[in-house]
Every structure is written in C-alpha cells, then in structure tokens.
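Student: So the protein lines, in turn, are chains V and X.
For the first sequence, UniProt numbering assigns the number 1 to the initial residue and increments by one for each residue that follows.
For the second sequence, UniProt numbering assigns the number 1 to the initial residue and increments by one for each residue that follows.
By construction, the Cβ of each residue, glycine as well, lies at the ideal position given by its N, Cα and C atoms.
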Amino acid sequence: MPTYEQFLLPDAGEGLTEADIVTWLVGPGDTVSVNQPIVEIETAKSLVELPSPWAGVVHRLLVEPGATVEVGTPIIEVDVDPGGRAAPAAGGPEERASGADDGTGGDETSGAVLVGYGLGEGGGSRRRRGAGAPVAAEAQPASVTPAASAPAAADAPAPAPAPAPAPVPVPVPAPVSAPVSATATPARLEAAPVAVGAPTVVAAPEPPAPPAPRAPGTPRHALAKPPVRKLARELGIDLDTVTPTGPGGIVTREDVLGHSRRAEPRALATYAADDTPWLASGTVSPDGRQTRVPVRSVRKRTAEAMVSSAFTAPHVTVFQTVDVTATMRLVERLRGDREFADVRVTPLLVAAKALTLAVRRHPEINAAWDEAAQEIVYKHYVNLGIAAATPRGLVVPNIKDAHRQSLHDLAESIAALTATARAGRTSPTDMADGTITITNVGVFGIDTGTPILNPGESAILAFGAIRQQPWVHKGKVKPRHVTQLALSFDHRLVDGELGARVLADVAAVLHDPAQALVWGY
Amino acid sequence: MPQPPAALPAPSAQAPGPLHAEGLVQLLTPSGERVGDPAWDPWVEHLDAAALRGLYRDMVLVRRFDTEATALQRQGELALFAQALGQEAAQVGSGRALAPQDHVFPSYREHGVAHTRGVDLADVLRLFRGVDHGGWDPVAHGFHLYTLVIGSHTLHAVGYAMGVQRDGDVGTGDASRDTAVVTYFGDGATAQGDVSEALVFAAVNRAPVVLFCQNNQWAISEPTTRQAVVPIADRAPGFGVPSVRVDGNDVLATYAVTAAALERARSGGGPTFVEAFTYRMGAHTTSDDPSRYRSADEEQHWRDRDPIDRLRRHLEATGELPDAFVDDLAHEADALGERVRTAVRAMGRPEAASMFEHVYATPHAGVDADRAAYERFEAAMEGTGGPTSTTTGTTTGMTTGTTGGHAR
Numbered sequence: 001m002p003t004y005e006q007f008l009l010p011d012a013g014e015g016l017t018e019a020d021i022v023t024w025l026v027g028p029g030d031t032v033s034v035n036q037p038i039v040e041i042e043t044a045k046s047l048v049e050l051p052s053p054w055a056g057v058v059h060r061l062l063v064e065p066g067a068t069v070e071v072g073t074p075i076i077e078v079d080v081d082p083g084g085r086a087a088p089a090a091g092g093p094e095e096r097a098s099g100a101d102d103g104t105g106g107d108e109t110s111g112a113v114l115v116g117y118g119l120g121e122g123g124g125s126r127r128r129r130g131a132g133a134p135v136a137a138e139a140q141p142a143s144v145t146p147a148a149s150a151p152a153a154a155d156a157p158a159p160a161p162a163p164a165p166a167p168v169p170v171p172v173p174a175p176v177s178a179p180v181s182a183t184a185t186p187a188r189l190e191a192a193p194v195a196v197g198a199p200t201v202v203a204a205p206e207p208p209a210p211p212a213p214r215a216p217g218t219p220r221h222a223l224a225k226p227p228v229r230k231l232a233r234e235l236g237i238d239l240d241t242v243t244p245t246g247p248g249g250i251v252t253r254e255d256v257l258g259h260s261r262r263a264e265p266r267a268l269a270t271y272a273a274d275d276t277p278w279l280a281s282g283t284v285s286p287d288g289r290q291t292r293v294p295v296r297s298v299r300k301r302t303a304e305a306m307v308s309s310a311f312t313a314p315h316v317t318v319f320q321t322v323d324v325t326a327t328m329r330l331v332e333r334l335r336g337d338r339e340f341a342d343v344r345v346t347p348l349l350v351a352a353k354a355l356t357l358a359v360r361r362h363p364e365i366n367a368a369w370d371e372a373a374q375e376i377v378y379k380h381y382v383n384l385g386i387a388a389a390t391p392r393g394l395v396v397p398n399i400k401d402a403h404r405q406s407l408h409d410l411a412e413s414i415a416a417l418t419a420t421a422r423a424g425r426t427s428p429t430d431m432a433d434g435t436i437t438i439t440n441v442g443v444f445g446i447d448t449g450t451p452i453l454n455p456g457e458s459a460i461l462a463f464g465a466i467r468q469q470p471w472v473h474k475g476k477v478k479p480r481h482v483t484q485l486a487l488s489f490d491h492r493l494v495d496g497e498l499g500a501r502v503l504a505d506v507a508a509v510l511h512d513p514a515q516a517l518v519w520g521y
Numbered sequence: 001m002p003q004p005p006a007a008l009p010a011p012s013a014q015a016p017g018p019l020h021a022e023g024l025v026q027l028l029t030p031s032g033e034r035v036g037d038p039a040w041d042p043w044v045e046h047l048d049a050a051a052l053r054g055l056y057r058d059m060v061l062v063r064r065f066d067t068e069a070t071a072l073q074r075q076g077e078l079a080l081f082a083q084a085l086g087q088e089a090a091q092v093g094s095g096r097a098l099a100p101q102d103h104v105f106p107s108y109r110e111h112g113v114a115h116t117r118g119v120d121l122a123d124v125l126r127l128f129r130g131v132d133h134g135g136w137d138p139v140a141h142g143f144h145l146y147t148l149v150i151g152s153h154t155l156h157a158v159g160y161a162m163g164v165q166r167d168g169d170v171g172t173g174d175a176s177r178d179t180a181v182v183t184y185f186g187d188g189a190t191a192q193g194d195v196s197e198a199l200v201f202a203a204v205n206r207a208p209v210v211l212f213c214q215n216n217q218w219a220i221s222e223p224t225t226r227q228a229v230v231p232i233a234d235r236a237p238g239f240g241v242p243s244v245r246v247d248g249n250d251v252l253a254t255y256a257v258t259a260a261a262l263e264r265a266r267s268g269g270g271p272t273f274v275e276a277f278t279y280r281m282g283a284h285t286t287s288d289d290p291s292r293y294r295s296a297d298e299e300q301h302w303r304d305r306d307p308i309d310r311l312r313r314h315l316e317a318t319g320e321l322p323d324a325f326v327d328d329l330a331h332e333a334d335a336l337g338e339r340v341r342t343a344v345r346a347m348g349r350p351e352a353a354s355m356f357e358h359v360y361a362t363p364h365a366g367v368d369a370d371r372a373a374y375e376r377f378e379a380a381m382e383g384t385g386g387p388t389s390t391t392t393g394t395t396t397g398m399t400t401g402t403t404g405g406h407a408r
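1) Is the number of C-beta pairs between the region 320-329 of chain V and the region 473-485 of chain V that are closer than 8 Å three or more?
2) Could you tell me which residues DSSP puts in a beta bridge with Y184 of chain X?
3) To the nearest angstrom, how far is the alpha carbon of L462 of chain V from that of Q217 of chain X?
4) Would you kindly work out how many angstroms separate the C-alpha atoms of P28 of chain V and P18 of chain X, rounded to a whole number?
5) State yes or no: is the C-beta of Q75 of chain X within less than 7 Å of the C-beta of P53 of chain V?
6) Less than 7 Å between the C-beta atoms of A219 of chain X and G188 of chain X, yes or no?
7) Does the beta-carbon of P397 of chain V have 16 or more other beta-carbons within 10 angstroms, so that it is buried, or is it exposed?
8) Within the same chain, show all residues whose beta-carbon is closer than 6 Å to that of R253 of chain V, passing over the 5 residues directly before and after it, in chain order.
9) Can you tell me whether A507 of chain V is buried or exposed? The criterion is at least 16 other CB atoms within 10 Å of its CB, across all chains shown.
10) When you check each C-beta in the region 45-78 of chain X against every C-beta of chain V, which residues fall closer than 9 Å?
11) Considering only the alpha carbon of each residue, which of V:W24, V:K476, V:I399, V:G499 lies closest to E364 of chain V?
12) Under 7 Å, Cβ to Cβ, is there at least one residue of chain X near L357 of chain V?
13) Take every Cβ of the region 265-274 of chain X, pair it with every Cβ of the region 51-58 of chain X, and state whether three or more of those distances are shorter than 8 Å.
14) Compare the C-beta of L80 of chain X with all C-beta atoms of chain V and state if any pair is closer than 7 Å.
15) How long is the line joining the alpha carbons of L252 of chain X and P30 of chain X, rounded to whole angstroms?
16) Alpha carbons only, please: which of X:Q214, X:N205, X:A49, X:L145 is nearest the one belonging to L321 of chain X?
17) Give a yes or no on whether the minimum CB-CB distance between L25 of chain V and chain X is below 7 Å.
18) With C-beta atoms as the reference, is V113 of chain X less than 7 Å away from Q91 of chain X?
19) Provide the residue span of the beta strand (DSSP E) that contains L47 of chain V, from first to last.
20) What residues from chain X crowd round T429 of chain V, counting only those whose CB sits closer than 9 Å?
21) For A79 of chain X, which option in V:T356, V:V39, V:G13, V:V441 has the closest C-alpha, if you only look at C-alpha atoms?
22) Rounded to whole angstroms, what's the CA-CA distance from G118 of chain V to G15 of chain V? Just pull it up for me.
23) Would you tell me roughly how many angstroms separate the C-alpha atoms of E64 of chain V and V293 of chain V, rounded to the nearest one?
24) Are there three or more Cβ pairs, one per stretch, closer than 8 Å when the region 167-186 of chain X is compared with the region 197-214 of chain X?
25) CB H362 of chain V to CB V502 of chain V, shorter than 7 Å?
26) How far does the alpha helix (DSSP H) with Y160 of chain X in it extend, from its first residue to its last?
27) In chain X, which residues lie less than 9 Å from E14 of chain V when you measure between Cβ atoms?
28) With a 10 Å radius around its C-beta and 16 neighbouring C-beta atoms as the bar for buried, classify E88 of chain X as buried or exposed.
29) Using a Cβ-Cβ distance cut-off of 7 Å, determine whether P397 of chain V contacts chain X.
30) Would you check if the region 137-153 of chain X and the region 97-117 of chain X touch, i.e. whether three or more CB-CB distances between them fall below 8 Å?
31) What residues match up with K478 of chain V in a beta bridge as DSSP calls it?
32) Against V22 of chain V, what residues of chain X qualify as contacts under a CB-to-CB distance less than 9 Å, listed in chain order?
33) Can you check whether the C-beta of L50 of chain V is within less than 7 Å of a C-beta belonging to chain X?
34) May I ask which residues mark the beginning and end of the beta strand (DSSP E) holding P37 of chain V?
35) Start and end of the beta strand (DSSP E) containing T429 of chain V?
36) Taking 7 Å as the threshold (C-beta atoms), are T356 of chain V and A388 of chain V in contact?
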C-alpha cells in the first residue's frame, strides 16, 4: 500500500533554526531516487540543495516556495511504496491500534521520521502527562500508512483507538454563512463597470473558511489556558478550529479574538476569482481583498540594505542633461567593428567606461565611510556594480577591477554579469566589495531618478533613457540624442564640488568620447 | 644612534610564498603520465597494476562514502560532516604506506586513512551523528580517534612515538616490530602553538614520527597566504625536522614519500615533516559555504587536477583499467553508500554504561563506584520506561531517551 514518508527540514548548517524554501526541483507525481536533489533552500549561511532521503513518488509538497520554515517542519511527503497494493478500505482494527499504542490517539499523521539536529523531544518516549490529556505531538510513528486507499485519508481523523481516554473530537459544524443578499451592496453593483460583464454576487464565505489545515504534527486537541478556553466557550468558538500561534502551539487569547472577528459573517460583492491571490507566492486576506506575501530572501536583504543606506548616508543627487549623439555614433561604429563582433556594445558600456575614467580623475569618490574606525577608506580599485533586475529581485553584482579592463573586456564582463544575475546564479562573492555602482534606469524608458547608494559605497550613477530631442547644436536647434544623468553621493565624505565634477566628467566623455583619449591612462 | 648589525641579513623581498608549487615530488602528472624520479621510484617499483587498481578502488570508495555522508547531513541524519573530497590521494597514498603496527593520529577529515586502516567507514559517522565520541577501537586499527581540536593531537602523536622508543620498538631491524607514528593535520594547524611544540619534541627526541600536513590551501576561509610567508614545509627545518613537499593529488608520489619517511622513523632516523600539496574541493564542513570566499576559477583549476581522474587516466593509458573492474567497482561503491545509509539510520546511542569503559587503562576504584551507582539507578528505573529503553535510532543529537526518565 502507499506508504508516505515526510521529510522534515534539517539543519543544513550548525544550529540554524530556519531556512527559506527557494525552489522545488520536483513536484507531485515525480519519481525521485535516493539523494536526488529535491529542493533548494537558503539558510542564513548558504544556498544548499537538499537530497531526497528516499526513492519513491512525490505525494505532495507541504511548503510553498518563498516560505520561511523552521527546522523540523515537514516539507515534502514521498510515497516510498507507490507500487504497493492499496489497503482494504477499512483497515483492520489491529492495524490502527498499532500506530496508536502509546494511547495518545490513533489519528496522528505526524510522520516525524527524522528529527532535525537540536530539536527537542524525540520519538518513542513513553512518558505520560496527566491522564486524559494526551500530548499528541509526542506520538511519532515511524511512517504513515493511511488506513484507506485514498491518499486524502492520511488527513482524515481515524477513529480513536479503544484505550484513548480523550474525547473524540466533535466534528466542527460549518460556520454559519450569512444570507446571500444582493441588496446589501447596491451601490457597488451600480458602480461596477459594465464592460467586464455581470458581476457575480456572492456572500463572503465565512472568511477563514474551513479551519486552517493543521500542519502535520500539531495536536488534534487544541492547547489553551483555562481563561482562553472560557473565552472561546463564551464566544461559541470551537478551539480546535482556531489556528494556534502561541509558543508550543497553544491557542492564545488573540487567536480566539482574531478568529471571532474573522468569523463574523459579512456580505461582499466581488467579481469571480477576485479573491484569488495576485501573486502565486501570496495568500489572500480573510476578506478576499488583499494579497499578503511574506518578505523573503532577496526582498528582505534589499529592504535592509536600502534602509541602512538611506538612513545612514545623507544622500545628495546632482543631475546633468547631456547630448550623447557622439556616443551613439561610437556605439554604431563599434557594433560594425570586427573586434567587437563577439560582444554587445551599448551606451551603458560607454557610460561604464566613462565612470571608471571619472573615478581615476577623482579617486576620492571611490571610497567608503568606516563608522566604527572613524576613517574614510579610499579604494585603489574599482569594483563597478551594475544593478540588475532579476526574477528573484534586485541584485547588484560588481565587475572586479573594472578600471583595468579594456572596453572590449568590460563589454564581456557586463554581459557575463547580467547573464549570471538573470539565471539567479549570482554568488555572494560577486556582490561583495563593490566600490561604485551604475543603475541603468534608461532601459525602462525612464529619464532619470535619485538612486539610493549601495551600502558601503559613496556614489551611484543613474543612466537615463536616450531620446532624440530638439537641442541647440552649433547655434541651431537640431534633433540630437539626449539623456539625463544623475549621481547620488554620500555627503558625509563627498562634497557637492566633488560629486559635481565626477558627474561632469562622465557627461563630458559621453558627450565626446574622444575626451577619454585625453584623460586616458 | 645604533645601526642594525651588518651581519643581519636583509629581509628577503622575494620570499617564495606558500602557494608556489616548486619542488613538489611528482610521479604522475595531472594527465596521468608516469614521470621517472630516481630518488623516489624505488619506493613504488613494487606496486604493480593490481596494486594501482587497489589504490584507485580505495579512492573511489572513499569518495562515494564522502558523497553519501554529505547527503545524509543534508537529510538531517548527521549533525555535521567534514568532507575529504579532493584529498583522497594524499590520504590513501599515505595510509597504504603504513605497516600494521604503525599508529595514526588523525584530525577529523581523514576518512581515506581510516579506510586504509580497516575502520568501517559507517562507524566514522557515529561521531558526526552525535551519538558517540569515537566509533572504533583505536588499538585494533592502529588509528586513534578523530581529534577536533586543531593541532593538539600532534603532541599526542609525538608522545606516543616517544613511548614507542621507550618500548624499544625502533631500529631493531625487525620489519614486523619497528613502529612509526603518523599524525595528520592541516595547513592551518601549522600556525598553532601545539604543532610548534610537537616539532620541538619530535626533533630533540628523534621521535619515530611522521608529521603529515595536508596543505589543502584553506583553513576554513583563511587562505594559506594568510598563515605563512614561506612554503609550509619550510617551517619544519627550523626546528631540526627535515621536510619534503609532495604533490598530494598524486597517490604514487604520496605513497613514495610517506613510505620513505616511515622507514626513516622505524629505523631510528627520526622525524620527517611531509607537506602534501592538495586541495579541499568541498566545503570546510557542511556548515560552510566556500563560494563566499573563493572563486569558481580556483575550484576549476583544482578540479582539473582531481586525484582520482589522474590515476584513472594513467590506468587507462596503460590499458590496466578493464571495464569489468570499473563496473564491479561502481557496484561496490553504490553498495557501500547504501550500507552506510542504512547503518546511519539504524545508529542508536551506545549503552549508557559504556561511558565508564576506557577511562583508565587499569581498574580504578572511583570509576567502579560510579558505575555501580549508575547501575543501581538504572535498575530502579526498570519498568518505568527508564533511561535505556528508549533508544530509537531515529534522531540525532541529544534528543531521545534519558531526559524523560530523569524528569520524573
């Protein structure tokens, strides 16, 4: 018969308590072999692939990508005996009892096969606490063998075994639905645009709908302190339907009150599928009107970096509008040049070169503020960061020693860096030790912006869109290629004069690339 | 104003640095070509094709074990694991040069040496699963328990070697009696005081010891260049211990150099320091992410010098690697992986009473009293699900068992 094993998130480092699920490498129905990588997780220490402990067929994934889960949480269920014969629909009583010989209830689906390093109680303990108060989390059968053939049966409560002293959980009555009332929201209906078709009117279905499915391993019988039990009784709430958030899985007063609020019937007019999440990684709020997405890895780091930068470095931004027609001609010419046939020549490439030249003329811009040491650290090298939008979010890898690279090498570096970033393979080393950054907002058609510094750097150049515009050229208004440049800098160590000179130098090279020859080394 | 004495040499502006690969003994090039070396050839000339296949088999099995153990850690079965990946030649080559009576003091990555000493590799994982402080009988295998403290065991090794001297098991000319001691440590350990002390004692006592340093280029995240300004092997002569540098990814050269050093030790010639120049291809441990501190280019450079590939190329080029052997070995390796996996999952805790064993070499009244008290306590717990009845073997670390009994 199908035999399901649950893989609990292990501690992939030493003493880690949680990890982010980054990508599932397998899906339900997939056949997996022992040690086949099944999931990529990101811990505080590294990105690692976890290998499957078993051969079998993936039954279900228990955690969404992007979720942060604690060590010891079941993340995947694998049927390790998929070819097995289905068991008779009603398993023999002995069979059930065998999984429940600890007297804590036979309905445990907590297949705690493994326990991650450093977790608390393990399996097999015969301790009993007070009679009649089964502590379900301790029962850890080595594997889950559903009594019925349907896989869903793994979740269904099995009858309590004979010795169980606890009351059998009473089926939860379906929460009362509000009467459907189209008249409740006439205004909304009238205001609805006709073009999208007739809106369907539904009663907001008792929002937290069915009691949230328990994570496997949580007790069937809610744990709560007596005052909370009393409150629940007064509010007419079955504690077993409340999702516990307290330590050790106990239901808190807030959980009960929150559940009570959400359970209040209310009618809403919505459009069909309006309450589906906008993003696959999110969940819809109880009223069906918001999607909530947990802040995770790259998003989290970006937020931390931006907050720390914006609120420690006083930012100043200077702007310059510049005629880059000559740069566009150079780009055109290089695209036809055999030496550059194997690389992509773009205005960004010229801007990158221009910035490294400007840094050479004004090395003080290429620096960092060391708050702890009360020193300014001037870098002898230019590790040029390029902000890249990737499917996982913003990353800023940098080109090591960009100042030593020829235009051709720089083009190769930019291409390699962006390809790596898009593939999601940017390593921490690639992002470490940047000295100055370019953000190419122009590719999105934007004129300019006021970029926020990459933490640890003192300047960032925003490169705007290049458009043909009327421009005074040699005394006449001509259509010329014009762009805007913006340079944000850290005013703790960079004064307006220095920032302005750097930007002016970048603009001068883009205006007339021959200037690079004059300033080149 | 006193001037520095003229006799004081000028500081060397061009120290060779620890990274240069000059002067490495090499008998197999990375492409598997056998290069002759009159000084070292005699030490390996008795190794025929079957012996070379044996070394190849050792390395393949050790690597398969390494892969399995790493996967087991990622599955929550082991608390931690330290890979030997990339260092198989240094370990197998030196380990196979040992005589049965020799004694090894390893650090914690010497799975290849453990294999050559007949230790069941699954037992190595008892420590990494957190169920045991050891896992094998050090006397039976001539292979001491793993030492996690960096470099401290080099002193134990030298002390043991001095004991061997006092037993008169050095320089008798009886090949089955003369004994050498080997201690394995890394490049990082050579910056520890303990290793310096071990070198001092080894030198002044002419101890029959081989100090075998696997320079794998990284002390966790610190490169060799941050630990030394000269080749690691150059540290030993200052203590009066002759040293030799060997290509640690060349199993033949490692065998030759170790065999010679062991022979010097057994014959009463004193200690030798061997620097095996190799590379830790994996992470420091499963808790480490080397991509944070070293480049992909560097890793590729060393992948091109993989010790197993090198011997395979040599055997292929000489037509000594029949398909049947390769197939059998692949099956044997997979069977080893399977066996290790099964063994680890079933690994329970040792009997609690075993903590009283091996505390002293001879009977000890204090320990005996402790043991008796513990046995009385355990007997009192019988029938109540007491301390020893709950070993399930499904957990790592300090999870199951005794706490429940004591808590009442």
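Tutor: Per the coordinate set shown:
1) yes
2) X:F212
3) Inspection of the sequence shows that residue 462 of chain V is occupied by Ala rather than by Leu. Rounded to the nearest angstrom, the two C-alpha atoms are 41 Å apart.
4) 52 Å
5) yes
6) yes
7) buried
8) V228
9) buried
10) T67, E68, T70, A71, L72, Q73, R74, Q75, G76, E77, L78
11) V:G499
12) no
13) no
14) yes
15) 12 Å
16) X:A49
17) no
18) yes
19) 47-51
20) S291, R292, Y293, R294, S295, A296
21) V:G13
22) Here G118 of chain V scores only 38 on pLDDT, less than 50, and its place in the model is too uncertain to base an answer on.
23) 11 Å
24) yes
25) yes
26) 152-166
27) A79, L80, T285, T286, S287
28) buried
29) no
30) yes
31) V:W471
32) None at all; the shortest Cβ gap to chain X is about 14 Å.
33) yes
34) 37-42
35) That residue, T429 of chain V, is in no beta strand (DSSP E); its alpha helix (DSSP H) goes 428-431.
36) no
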